[in-house]
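Peer 1: In terms of the UniProt record's numbering, the sequence shown opens at residue 1 and continues consecutively. Sending over a structure as structure tokens; questions will come in a sec.
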Amino acid sequence: MATTTSTGRKGGSRNRTVTSSGVPVVQRRNVRAAVLTYTGVVLICLWGLLPFYWMIVTSFREVGYTFDTTPWPTHTTLENYATAFSTARGNHFGRALLNSLVIGAATTVVGLVVGVFTAYALARLEFRGKFYVLGLILGASMFPGVALVTPLFQLFTDLGWLNTYQALIIPNISFVLPLTVYTLTAFFTEMPWELEESARMDGCTPGQAFVKVILPLAAPGIFTTAILAFTAAWNEFLLASQLGGDKVQPVTVAIASFAGAQPHQEPYTAVMAAGTIVTVPLIIMVLVFQRRIVSGLTAGGVKS
């Protein structure tokens with residue numbers, strides 16, 4: 001039961017509603033809101049992290065206990081990680097890791113170089129149809145990848161590019177470019193023109209002003225875009241499974257083709273071990289650089 005009390009003050013009085021236990025209603029509402037907020041945060045974290053936890057636990061289990069539902073590691077072994085790298089069973093996981101690094105690095109570098117200049121031009125130059133160009137770039141990112149498999153397969157067959165790095169890197173660049181252009185365009189747009197004008201007045205050429213002033217200030221946005229682009233290239237599976245062969249297949253395709261110790265046996269524990277090797281470093285990288293990522297996504301400029 002709530003009651004209303006009046007507290008005297010110089011120049012007037014203020015009413016305060018309290019419960020039967022003497023706790024103000026406003027304070028109780030704040031506590032309830034805080035409890036609900038933290039409960040939601042915990043549930044979201046559990047929803048996102050429990051699959052990764054279960055993947056790690058399963059990766060250390062013996063094959064005979066693959067489907068054990070014990071929520072903590074039991075019957076642990078490192079054999080699954082050895083199986084993931086075992087070339088005797090046809091699991092070329094080590095080579096696939098190197099392929100993914102090459103494909104991801106090349107995609108990120110080319111995508112950033114082209115994306116930075118494109119985004120800067122869209123942000124700084126005024127020309128007719130500029131927003132239509134940006135809309136066309138964003139629209140290209142919505143095109144389903146499955147619709148590109150057949151034409152790209154035919155094109156790369158005619159060029160003799162199947163089972164080559166360029167057959168995997170070039171499509172990834174086309175997927176990454178809209179992301180880099182959109183993110184960096186918003187970042188460059190918020191930068192005041194006065195920064196470049198000051199550099200030009202100090203004797204810098206347009207190129208020097210861009211390299212010495214704009215790029216260092218845009219580093220958070222570029223860094224964020226690089227991580228997002230590399231992650232997108234690292235996780236690509238559909239086109240890589242059709243356009244790449246054993247020599248250039250990335251980890252996503254290599255894991256899908258894992259073989260077990262027995263015929264027709266699905267190597268779940270080895271797949272979990274490989275998934276742990278592939279996923280955990282990305283999670284660690286995002287956690288380590290989360291401040292840079294957030295600042296890159298939210299900063300968008302500097303105060304003059």
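For every residue, glycine included, the Cβ atom is placed at its ideal position computed from N, Cα and C.
Would you call Arg61 buried or exposed, if buried means 16 or more other Cβ atoms sit within 10 Å of its Cβ?
Peer 2: As a first step, residue 61 is located in the sequence shown; it is residue number 61 there, counting from the start. So Arg61 ends up on the buried side.
Peer 1: Under 8 Å between the Cβ atoms of Ile222 and Leu125?
Peer 2: Locating residue 222 in the sequence shown gives position 222, where the first residue counts as 1. Locating residue 125 in the sequence shown gives position 125, where the first residue counts as 1. Result no, Cβ atoms of Ile222 and Leu125 do not sit closer than 8 Å.
Peer 1: Do Lys247 and Asn172 come within 8 Å of each other at the CB atom, strictly closer than that value?
Peer 2: The residue you call residue 172 lines up with position 172 of the sequence shown. The residue you call residue 247 lines up with position 247 of the sequence shown. No, the pair does not count as a contact, with Cβ atoms beyond the cut-off.
Peer 1: Alpha carbon to alpha carbon, how far is Asn91 from Gly135? Give it in angstroms, no decimals.
Peer 2: Here residue 135 is taken as the residue at index 135 of the sequence shown, counted from 1. Here residue 91 is taken as the residue at index 91 of the sequence shown, counted from 1. Each residue's Cα considered, the two are about 43 Å apart.
Peer 1: Would you kindly work out how many angstroms separate the C-alpha atoms of Met285 and Val278, rounded to a whole number?
Peer 2: Reading the sequence shown from its first residue, position 285 is the one you call residue 285. Reading the sequence shown from its first residue, position 278 is the one you call residue 278. One C-alpha to the other measures close to 12 Å.
Peer 1: Exposed or buried, Ser13, counting other C-beta atoms within 10 Å across all chains shown (16 or more means buried)?
Peer 2: Position 13 of the sequence shown holds residue 13. Its pLDDT being 48, under 50, Ser13 is placed unreliably by the model, and nothing is read from it.
Peer 1: Leaving aside the five residues before and after Met55 along the sequence, list all residues of the same chain whose C-beta is less than 8 Å from its C-beta, in chain order.
Peer 2: By one-based count along the sequence shown, residue 55 stands at place 55. Around Met55: Met272, Gly275, Thr276 and Thr279.
Peer 1: Quick check: the Cα distance between His70 and Phe289, rounded to an integer number of angstroms?
Peer 2: Residue mapping note: residue 70 aligns to position 70 of the sequence shown, counting from 1. Residue mapping note: residue 289 aligns to position 289 of the sequence shown, counting from 1. In the sequence as presented, His is not what sits at residue 70; that position holds Thr. Near 33 Å, if we compare the C-alpha coordinates of Phe289 and Thr70.
Peer 1: Suppose the cutoff is 6 Å on Cβ atoms and the five residues either side in sequence are ignored; what does the same chain contact list for Ala119 look like?
Peer 2: By 1-based counting over the sequence shown, the position of residue 119 is 119. Val181, Leu184, Thr185 and Phe188, listed in sequence order.
Peer 1: Quick one, which of Gly40, Asn80 and Gly139 has its alpha-carbon nearest Phe258's?
Peer 2: Numbered from its first residue, the sequence shown carries residue 258 at position 258. The shortest Cα separation from Phe258 among Gly40, Asn80 and Gly139 belongs to Asn80.
Peer 1: If Leu217 and Met201 are in contact, beta carbons under 8 Å, what's the gap, nearest whole angstrom?
Peer 2: Counting from one through the sequence shown, the residue named residue 217 turns up at place 217. Counting from one through the sequence shown, the residue named residue 201 turns up at place 201. So it is not a contact: roughly 17 Å between Cβ atoms.
Peer 1: Looking at C-alpha atoms only, which residue of Asn235, Arg32, Leu215 and Val109 is the closest neighbour of Leu282?
Peer 2: To locate residue 282, count along the sequence shown from 1; it is residue 282. The shortest Cα separation from Leu282 among Asn235, Arg32, Leu215 and Val109 belongs to Asn235.
Peer 1: Identify whether Thr76 lies in helix, strand or coil by the three-state DSSP scheme.
Peer 2: Working through the sequence shown from its first residue, we reach residue 76 at position 76. Residue state, collapsed to three classes: strand.
Peer 1: Would you report the Cα separation of Ala105 and Gln249, rounded to the nearest angstrom?
Peer 2: Locating residue 105 in the sequence shown gives position 105, counting from the first residue. Locating residue 249 in the sequence shown gives position 249, counting from the first residue. In a straight line, the C-alpha of Ala105 is about 15 Å away from that of Gln249.
Peer 1: Which word fits Phe127, buried or exposed, when buried means at least 16 other C-beta atoms lie within 10 angstroms of its C-beta?
Peer 2: As a position in the sequence shown, residue 127 is number 127, starting the count at 1. Result: exposed.
Peer 1: Within 10 angstroms of the Cβ of Gly203, are there 16 or more other Cβ atoms? Answer buried if so, exposed if not.
Peer 2: Start at 1 with the first residue of the sequence shown, and residue 203 comes out as number 203. The residue is exposed, with fewer than 16 neighbouring Cβ atoms inside 10 Å.
Peer 1: Who are the near neighbours of Gln242 in its chain, counting only those whose CB is closer than 7 Å to its CB and skipping five residues on each side?
Peer 2: Indexing the sequence shown from 1 puts residue 242 at position 242. So the list reads Val149 and Phe153, once near-sequence residues are dropped.
Peer 1: Are Pro267 and Thr76 close, meaning C-beta to C-beta below 8 Å?
Peer 2: Translated into positions along the sequence shown, residue 267 becomes position 267. Translated into positions along the sequence shown, residue 76 becomes position 76. Going by C-beta atoms, Pro267 is not nearer than 8 Å to Thr76.
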